[in-house]
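Each residue of the sequence shown is one higher than the one before, starting from 1349 at the first, in the working numbering.
For each residue, glycine too, the CB sits at the ideal point set by N, CA and C.
If you're wondering where the values come from, they're calculated on a predicted model, not measured in any experiment.
So the structure is just underneath, and the comments pick up after that.
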Amino acid sequence: MQEAATFLAGTHDFSTFCSASSEMSARSPIKTLNWVEVRPSQGFLSDNLKFWELEFVSRSFLYKQVRRMVGALVAVGQSRLQPHHIQELLAARDLMAYPPNTIAPPDGLFLKHLPIWDRP
């Protein structure tokens, strides 16, 4: 998962990682991910379960982009995708190229930090 996450960092056309909506035709699918990190995390429930924390830092995201990135990385962790598939998905620039049944559910995903920039 960590290797696959490195392919998401940087400026890319994330068309494959967004969801179709009427708003999307007006927004650019080109986004910059300043930081992507995958790390083990302490869970809240049980010592018998493995938890992972995925951190994405960007100025903005597309509709459902984070859910699709998380889903693809989890699929890599489950060996349903290989790390190089993340590169292929980015290169496809087509939301229809995204593997079915791979979108992460919204449960467990949350906004951790929202920096406030100084404005003149």
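Residues in its own chain within less than 8 Å of residue i by CB, not counting five upstream and five downstream?
i	result
Gln1435	Phe1355
Quick check: residue i and residue j, are their CB atoms within less than 8 Å of each other?
i	j	result
Glu1385	Ala1420	no
Met1349	Gly1425	yes
Lys1379	Phe1409	yes
Phe1365	Arg1416	yes
With DSSP as the reference, please indicate the residues paired to residue i in a beta bridge.
i	result
Lys1398	Lys1398 pairs with nothing; no bridge assigned.
Asp1361	Ile1378
Ser1369	Note: Ser1369 sits in no beta bridge, so no partner.
Pro1388	Trp1400
Val1405	Trp1383
Specify, as a first and last residue, the run of the alpha helix (DSSP H) that residue i falls within.
i	result
Pro1431	1431-1440
Leu1356	1350-1356
Gln1413	1413-1425
Ordered along the chain, which non-local residues of its own chain (more than five positions away) have a Cβ less than 6 Å from that of residue i?
i	result
Ser1369	Tyr1411
Relative to the C-alpha of residue i, which residue among the options is closest?
i	options	result
Gln1413	Ala1452, Trp1400, Phe1399, Arg1387	Ala1452
His1427	Thr1450, Leu1443, Ala1445	The sequence shown places Ser at residue 1427, rather than the His named in the question. Ser1427 has its Cα closest to that of Thr1450, out of Thr1450, Leu1443, Ala1445.
Pro1377	Asp1442, His1433, Ser1389	Asp1442
Leaving out five residues on either side along the sequence, give the residues of the same chain with a beta carbon under 7 Å from the beta carbon of residue i.
i	result
Asn1382	Val1405, Ser1406
Lys1460	none
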